[in-house]
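Novice: One structure coming up, written as structure tokens, with questions to follow.
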């Protein structure tokens with residue numbers, strides 16, 4: 002009888018701890034919203050990128066174009082999150098579709114232009130505008146841009162066809178209602 006009570010107590014504690022951990026992860030955005038070719042993108046990542054876009058817009062892009070003004074006006078949070086999510090999906094598709102040689106070229110380009118001295122000089126700006134450290138800035142901004150540049154140069158006129166094909170072939174699973182990945186597009 003005593004071991005039965007201990008078993009129930011242990012089971013209750015396991016459920017309690019599991020529930021608290023789950024709640025903490027959900028509250029902080031550490032839950033997956035998309036899987037792209039086996040790589041997971043979290044809600045937190047999507048929100049952080051949307052927040053960075055909003056900060057960049059507010060720090061100098063206000064009034065620069067009707068499309069941007071419409072995207073960042075009050076009440077368009079859903080569209081901003083969708084654009085952020087779609088950008089992250091496409092970056093992940095490009096990264097997972099790139100050859101190892103293309104990835105090496107992109108990494109070399111980053112190393113040549115973003116060395117430790119540049120990183121130190123920009124650390125305040127990165128914290129201020131992006132609220133990221135240099136590692137996160139490299140991962141979310143520099144690496145996708147460098148890889149896109151390398152592939153665009155190599156593919157030249159065939160780049161758009163390559164990207165379209167890569168988007169269609171990608172294994173994208175969206176767990177973020179109300180969106181779905183269909184025919185290489187986020188809908």
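Residue numbers (my numbering): 2 to 188.
Beta carbons are placed, not taken as given, at the ideal position from N, Cα and C, and that holds for glycine.
Helix, strand or coil for residue 176 per DSSP?
Specialist: coil
Novice: By the three-class DSSP mapping on this structure, what secondary structure does residue 59 have?
Specialist: helix
Novice: Could you give the residue range of the beta strand (DSSP E) that holds residue 94?
Specialist: Premise fails: residue 94 lies in the alpha helix (DSSP H), 78 to 98, not in any beta strand (DSSP E).
Novice: Helix, strand or coil: which one does DSSP assign to residue 182?
Specialist: strand
Novice: Could you compute how far the alpha carbon of residue 160 sits from the alpha carbon of residue 93?
Specialist: 16 Å
Novice: Could you tell me whether the Cβ atoms of residue 99 and residue 152 are closer together than 8 Å?
Specialist: For residue 99 and residue 152, yes; Cβs fall inside 8 Å.
Novice: Can you tell me which of the three DSSP states residue 38 falls into?
Specialist: coil
Novice: Mind checking whether residue 41 and residue 86 have CB atoms under 8 Å apart?
Specialist: no
Novice: From the DSSP output, which residues share a beta bridge with residue 43?
Specialist: 33
Novice: Which residues in the same chain as residue 106 place their Cβ atom closer than 7 Å to its Cβ, once the five residues preceding and following it in sequence are excluded?
Specialist: 151
Novice: Would you report the Cα separation of residue 186 and residue 165, rounded to the nearest angstrom?
Specialist: Taking the CA atoms as reference points, residue 186 sits about 9 Å from residue 165.
Novice: I think residue 149 touches residue 95, with their Cβ atoms under 8 Å apart; what is that distance to the nearest whole Å?
Specialist: 6 Å
Novice: Given a cut-off of 8 Å on the beta-carbon distance, is the pair residue 147 and residue 110 in contact?
Specialist: yes
Novice: Does the distance from the CB of residue 137 to the CB of residue 115 come in under 8 Å?
Specialist: Contact flag unset, no.
Novice: Below 8 Å on the Cβ atoms is my guess for residue 56 versus residue 130; work out the distance and round it to an integer in Å.
Specialist: The beta-carbon separation of residue 56 and residue 130, rounded to 6 Å, stays under the 8 Å limit for a contact.
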